[in-house]
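Everything in the sequence shown is counted per this note's numbering, starting at 1424 for the first residue and increasing by one. For each residue, glycine too, the CB sits at the ideal point set by N, CA and C. All of these numbers come straight from a predicted model, not from anything done at the bench.
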Amino acid sequence: QVHLVESGGGLVQAGGSLRLSCVASGTISRFIYMGWFRQVPGKQREFIARISGVGNPNYADSVKGRFTISRGNADNTIYLQMSSLIAEDTGVYYCNAISPSGQLTWGQGTQVTVSS
């Protein structure tokens, strides 16, 4: 069974930066995609970014040019580098992974709060 653990959230001023990490219990190259979603109270979880098993990234329009998703050298970690943060980026950030069999796994989430 896959386990995902996020870290790196916190409180940051608008315009600042944070880097989120997601560590998987196995090698990430076996997943079709790993990605990041954001959820705020009262709203559905929304897509932020994803990276394929071969390293191709995709981004939501709202974060293009400000966020970068990447894979770590150890092949069990992905990162989300967030820059030029705005108040609307506030939320709980969740990491997920999709296996070739279609199994979807979520992490427990990490809170990001951007103060304006």
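Beyond the five residues adjoining it in sequence on each side, Glu1469 comes within less than 8 Å, by CB distance, of Phe1460, Arg1461, Gln1462, Ala1483 in the same chain, given in chain order. A check of alpha carbon separations from Phe1490 across Asn1496, Ser1440, Lys1466, Leu1527 identifies Ser1440 as the nearest. Between the alpha carbons of Met1505 and Ser1524 lies a distance of about 30 Å.
Tyr1502 is positioned such that its CB atom lies no closer than 8 Å to that of Ser1475. As far as DSSP is concerned, Glu1511 takes part in no beta bridge. In the three-state reduction of the DSSP assignment, Arg1489 falls in the coil class, being assigned neither a helical nor a strand state.
In the DSSP annotation of this structure, the continuous segment of the beta strand (DSSP E) that includes Arg1461 starts and ends at 1456-1462.
From the listed residues Ala1520, Gln1531, Ser1507, Asn1519, the smallest Cα separation to Ala1437 is found for Ser1507.
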